[in-house]
Amino acid sequence: MDQFRTIQHPLNTESAMKKIEEHNTLVFIVDLKANKRNIKDAVKKLYDVEAAKVNTLIRPDGKKKAYVRLTADFDALEVANKVRLLSSSFARPKLTLDVDRFHLMDSCWDRGV
Numbered sequence: 745m746d747q748f749r750t751i752q753h754p755l756n757t758e759s760a761m762k763k764i765e766e767h768n769t770l771v772f773i774v775d776l777k778a779n780k781r782n783i784k785d786a787v788k789k790l791y792d793v794e795a796a797k798v799n800t801l802i803r804p805d806g807k808k809k810a811y812v813r814l815t816a817d818f819d820a821l822e823v824a825n826k827v828r829l830l831s832s833s834f835a836r837p838k839l840t841l842d843v844d845r846f847h848l849m850d851s852c853w854d855r856g857v
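Mapping to my numbering: the sequence shown position 17 is 761, numbers consecutive.
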């Protein structure tokens, strides 16, 4: 089975992020016909990492989910960042300041408006 057909997409749910951070595990939605060996080979080809273990389950909606635990030599967080699974907005909240509005309010304050 082709690796692009085997792995459909990674999951970026809150529980999947927890698996990445705490258990060095990536979570994917995979083809229903893919077995654990296919998934392990596809992850190796696509992401250049070694999988220590693969667990699968079929969700109630009929999709197959794979938990791929990486070996200690590889970091799941780095792999997730490489495939842009983690965005900077998820990792930490982004604070923005509208500078033009701030200057407008500041100038109004100086004039007593």
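Built from N, CA and C at the ideal position, the CB exists for glycine as well.
The alpha carbon of Q752 has as its nearest neighbour, out of V771, I764, E758, the alpha carbon of V771. The region 748–825 is shown to contain whole alpha helix (DSSP H) runs of 4 or more residues at 758–767, 780–791, in chain order. Between A795 and V812, the C-beta spacing is below 7 Å. With a 10 Å radius around the Cβ and a threshold of 16 neighbouring Cβ atoms, D775 comes out buried. Spatial neighbours of I764 in its own chain (CB-CB distance under 7 Å, excluding positions within 5 residues in sequence) are listed in chain order as L770, A820, L821, A824.
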